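Asks:
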Amino acid sequence: MTRTVDVLVVGAGPCGVTIASLLGLYGVSAIVIDRESDVLDFPRAVGIDDESLRTCQTIGVVNEVLADTLQDMPIKYFTSWGRCFAHVKPSARPFGWPRRNLFLQPRLERTLRSGLARFPNVDLQVGCDLISLDQDQSGVTAQIRRADGEHATIRASFLVGADGGRSTVRDLVGIELEGTTEATKWLVVDVANDQLDAPYSAVFCDPDSPVLMVPLPYGHRRFEFRLQPGDDESAVVDHHHVRRLLVPRYGSTPLPDIVRARVYLHHSRVAETFQRGRVLLAGDAAHLQPPFFGQGMNSGLRDATNLAWKLAAVAKGIAGPEIVSSYDLERRPHATEMVGFATRIGSMYRPRNRFTERFRDLVFRAVQRVPGGRDYILQMKYKPMPRYTHGVLTGVEPKHRTDPIGRMFPQPRVMTLDGDVLLDDAIGPWFAVIGIGVDPTTGDRDAVDWWRSIGARFVHVLSTGTPSETELLQTVLDINGGFSAWRDANPTRHFVVLRPDRYVAATCSLAGFAATTNALRATFGGAT
Numbered sequence: 013m014t015r016t017v018d019v020l021v022v023g024a025g026p027c028g029v030t031i032a033s034l035l036g037l038y039g040v041s042a043i044v045i046d047r048e049s050d051v052l053d054f055p056r057a058v059g060i061d062d063e064s065l066r067t068c069q070t071i072g073v074v075n076e077v078l079a080d081t082l083q084d085m086p087i088k089y090f091t092s093w094g095r096c097f098a099h100v101k102p103s104a105r106p107f108g109w110p111r112r113n114l115f116l117q118p119r120l121e122r123t124l125r126s127g128l129a130r131f132p133n134v135d136l137q138v139g140c141d142l143i144s145l146d147q148d149q150s151g152v153t154a155q156i157r158r159a160d161g162e163h164a165t166i167r168a169s170f171l172v173g174a175d176g177g178r179s180t181v182r183d184l185v186g187i188e189l190e191g192t193t194e195a196t197k198w199l200v201v202d203v204a205n206d207q208l209d210a211p212y213s214a215v216f217c218d219p220d221s222p223v224l225m226v227p228l229p230y231g232h233r234r235f236e237f238r239l240q241p242g243d244d245e246s247a248v249v250d251h252h253h254v255r256r257l258l259v260p261r262y263g264s265t266p267l268p269d270i271v272r273a274r275v276y277l278h279h280s281r282v283a284e285t286f287q288r289g290r291v292l293l294a295g296d297a298a299h300l301q302p303p304f305f306g307q308g309m310n311s312g313l314r315d316a317t318n319l320a321w322k323l324a325a326v327a328k329g330i331a332g333p334e335i336v337s338s339y340d341l342e343r344r345p346h347a348t349e350m351v352g353f354a355t356r357i358g359s360m361y362r363p364r365n366r367f368t369e370r371f372r373d374l375v376f377r378a379v380q381r382v383p384g385g386r387d388y389i390l391q392m393k394y395k396p397m398p399r400y401t402h403g404v405l406t407g408v409e410p411k412h413r414t415d416p417i418g419r420m421f422p423q424p425r426v427m428t429l430d431g432d433v434l435l436d437d438a439i440g441p442w443f444a445v446i447g448i449g450v451d452p453t454t455g456d457r458d459a460v461d462w463w464r465s466i467g468a469r470f471v472h473v474l475s476t477g478t479p480s481e482t483e484l485l486q487t488v489l490d491i492n493g494g495f496s497a498w499r500d501a502n503p504t505r506h507f508v509v510l511r512p513d514r515y516v517a518a519t520c521s522l523a524g525f526a527a528t529t530n531a532l533r534a535t536f537g538g539a540t
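Right, here's the structure in full:
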């Protein structure tokens with residue numbers, strides 16, 4: 013017997029479960045399978061950023077996730093002679109959440125899976141292997157082997173491979189993972205019952221033996237040691253050897269308990285395409301990056317938020333299947349940029365020689381003396397943010413570097429009938445047409461009717477007045493000036509169209525609403 017669903021997700025890690033949760037939220041039927049019978053009980057990713065927390069907010073698990081994190085954790089970079097040459101401690105919350113947070117991946121995964129249980133239209137099946145897949149113009153047929161050895165067939169309109177760096181899905185559809193793998197190996201050590209008084213991440217940059225140290229919740233800590241050529245892998249993971257490496261970091265502080273020690277290679281690779289027909293790749297199946305900037309999992313969650321709403325739009329008949337092609341167009345360039353950025357950060361951790369290290373130290377001193385330079389480093393403004401220039405958006409011209417179109421919209425607090433909330437909690441998880449000081453339902457009638465037909469929320473933002481809500485329009489108050497600041501920077505843009513992933517699809521004046529709607533509607537494909 014063949015089971016039919018809208019989307020089959022292969023891989024129930026953070027990326028796959030987030031895609032499935034978003035599909036469940038949007039009312040789309042999905043099955044997510046994983047070859048493991050339970051969450052892997054060892055940490056891999058350790059950092060979650062504000063963009064990812066915004067996604068957790070959307071799927072309703074952000075408070076549970078935050079309860080298991082160390083929030084707003086700073087990071088310090090030290091020279092080989094012990095001087096702190098850079099201190100990163102972001103405090104701004106442009107997207108509503110702390111920017112740098114540390115967590116234990118097994119706890120995060122269990123939280124995400126618990127949240128998935130809220131959606132009756134989504135089924136999680138563990139202990140299942142993908143054996144084969146065949147696709148045609150209307151969907152994908154997958155053969156599954158269950159934990160009991162029985163085989164099953166699943167027919168889906170789309171299949172998403174979120175099954176990690178050794179992706180079966182990627183291999184079955186013949187997509188190459190292009191890039192390089194660093195020849196040098198790293199020893200990763202996780203410890204528990206940690207008593208070290210160092211509430212920050214630390215990078216000890218050294219041409220010969222760089223070391224990373226990351227505090228984690230519940231008395232855990234992670235260390236990463238770069239191995240030397242010729243080091244015996246079986247010897248370096250021995251606990252006696254690991255203790256010798258830890259002693260210089262702890263001094264008179266009691267040594268922690270060693271939980272595990274593993275040797276890893278660092279990959280800088282991106283799939284040649286994120287889509288082949290009705291099969292999509294996401295997360296580590298689509299891109300692998302060194303852990304130096306802590307963005308591997310976060311890049312996967314960006315994939316999830318970008319892809320899920322497009323799959324839902326097709327399943328709901330709002331858009332044609334062509335809209336899914338914009339996923340590769342939008343996400344692959346930024347994923348490639350993040351891989352390159354993380355690789356370059358890694359080269360800063362291990363300068364070529366003492367002269368290079370001294371030069372880097374001088375550069376950082378100079379940058380922090382330039383007006384705004386210290387804040388640039390402290391607030392982590394060097395992080396490459398996605399900016400989509402092609403895809404489901406309109407009006408983007410690359411020459412306008414500050415144009416908000418194609419960028420994630422801020423998340424200020426607003427006042428509603430239910431009280432003071434973050435913007436996303438007021439406008440819902442789907443499309444939103446926001447009028448800043450202008451009622452968006454007073455725009456062109458045909459344009460308004462089309463947005464209503466696809467389920468968009470109309471939101472009127474006022475600087476003063478009383479919040480209200482009707483079936484057609486929600487009025488909210490800009491209580492902390494977030495919208496006012498945005499409008500001051502964009503005085504002619506009365507309307508903002510937000511996609512479900514909270515990226516700006518379009519902005520326009522009241523007079524340009526009809527033309528902007530028609531241009532954006534054209535990107536939805538044949539179904540509209």
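Heads up: the sequence shown begins at 13 in this note's numbering, then just goes up one per residue.
Even glycine gets a Cβ: it sits at the ideal position worked out from N, Cα and C.
All values reported here derive from a predicted model rather than from experimental measurement.
(1) Can the beta-carbon of F421 be found less than 8 Å from the beta-carbon of Y339?
(2) Let me confirm a value: H346 is counted as buried when at least 16 other C-beta atoms fall within 10 Å, else exposed. Which label applies?
(3) Rounded to whole angstroms, how far is the Cβ of T406 from the Cβ of T535, which I believe are closer than 8 Å?
(4) Residues in the same chain with beta-carbon distance under 8 Å from D53, minus the five sequence neighbours each way, listed in chain order, please.
(5) For D490, which beta-bridge partners are listed by DSSP?
(6) With a threshold of 16 other CB atoms inside 10 Å of the CB of L82, please say whether the residue is buried or exposed.
(7) According to the neighbour-count rule (16 or more other Cβ atoms, all chains shown, within 10 Å of its Cβ), is N310 buried or exposed?
(8) I'd like to confirm the pairing. Which residues does DSSP put opposite M420 in its beta bridges?
(9) Give me the Cα-Cα distance between D461 and D160, rounded to the nearest whole angstrom.
(10) Quick one: is M13 buried, meaning 16 or more other Cβ sit within 10 Å of its Cβ, or exposed?
(11) Below 8 Å on the Cβ atoms is my contact criterion, and I expect V74 with L124 to pass it. Report the Cβ-Cβ distance as a whole number of Å.
(12) Give a yes or no on whether the C-beta atoms belonging to A297 and R157 are separated by under 8 Å.
(13) For V254 versus I87, is the C-beta spacing smaller than 8 Å?
(14) According to DSSP, simplified to helix, strand and coil, what is Y262?
(15) Determine whether the beta carbon atoms of V248 and L239 lie at a separation below 8 Å.
(16) For the beta strand (DSSP E) holding I446, just list the boundary residues, first then last.
(17) My guess is that S280 and G191 are in contact by the Cβ rule of under 8 Å, so how many angstroms apart are they, rounded?
(18) Which two residues bound the contiguous beta strand (DSSP E) that contains Q137?
(19) So, at 7 Å on beta carbons, what are the nonlocal neighbours of Y276 in its own chain, with the 5 sequence-adjacent residues on each side left out?
(20) Out of F305, G332 and D148, state which residue places its alpha-carbon closest to the alpha-carbon of V58.
(21) Report yes if the CB atom of V473 is closer than 8 Å to the CB atom of I448, and no otherwise.
(22) Using three-state DSSP, classify A531 as helix, strand or coil.
(23) For V138 versus E245, is the C-beta distance shorter than 8 Å?
(24) I'd like to check one pair, L184 with R290: are the Cβ atoms closer than 8 Å?
(25) Is the beta carbon of V282 less than 8 Å from the beta carbon of V336?
(26) Which partner residues of L228 appear in the DSSP bridge assignment?
(27) Measuring straight from C-alpha to C-alpha, what distance separates T519 and D220?
(28) Determine the burial state of T91: buried for a count of at least 16 other Cβ atoms within 10 Å of its Cβ, exposed for fewer.
(29) Given a cut-off of 8 Å on the beta-carbon distance, is the pair P424 and F507 in contact?
(30) With distances taken from CA atoms, which of V77, P333, P26 and M225 is nearest D148?
(31) Can the beta-carbon of L208 be found closer than 8 Å to that of Y262?
(32) Buried or exposed for D46, going by 16 or more other Cβ atoms inside 10 Å?
(33) Could you please give me the residues that DSSP links to C520 through a beta bridge?
(34) Please work out which residues of its chain come closer than 7 Å, Cβ to Cβ, to I491, disregarding the five sequence neighbours upstream and downstream, and give them in chain order.
(35) Is T196 helix, strand or coil when you go by DSSP?
(36) Where are the alpha helix (DSSP H) runs, 4 residues long or more, that stay fully inside the segment 26 to 72, in chain order?
Replies: On the basis of the data shown:
(1) no
(2) buried
(3) 7 Å
(4) P118
(5) V426
(6) L82 comes out buried.
(7) buried
(8) Answer is Y515, bridged to M420.
(9) 51 Å
(10) exposed
(11) Not really, about 11 Å apart at Cβ, beyond 8 Å.
(12) no
(13) Taking 8 Å as the Cβ cut-off, V254 and I87 do not qualify as a contacting pair.
(14) helix
(15) yes
(16) That run of the beta strand (DSSP E) goes A444 to I448.
(17) 5 Å
(18) V134 to V138
(19) Answer for Y276: K197, W198 and V200, listed in chain order.
(20) The candidate whose alpha carbon is nearest that of V58 is F305.
(21) yes
(22) helix
(23) no
(24) no
(25) Their beta carbons are not under 8 Å apart, which means V282 does not touch V336 by this criterion.
(26) H232
(27) 51 Å
(28) buried
(29) no
(30) P333
(31) yes
(32) buried
(33) F507
(34) R425, V426, M427 and D432
(35) strand
(36) 26 to 37 and 62 to 70
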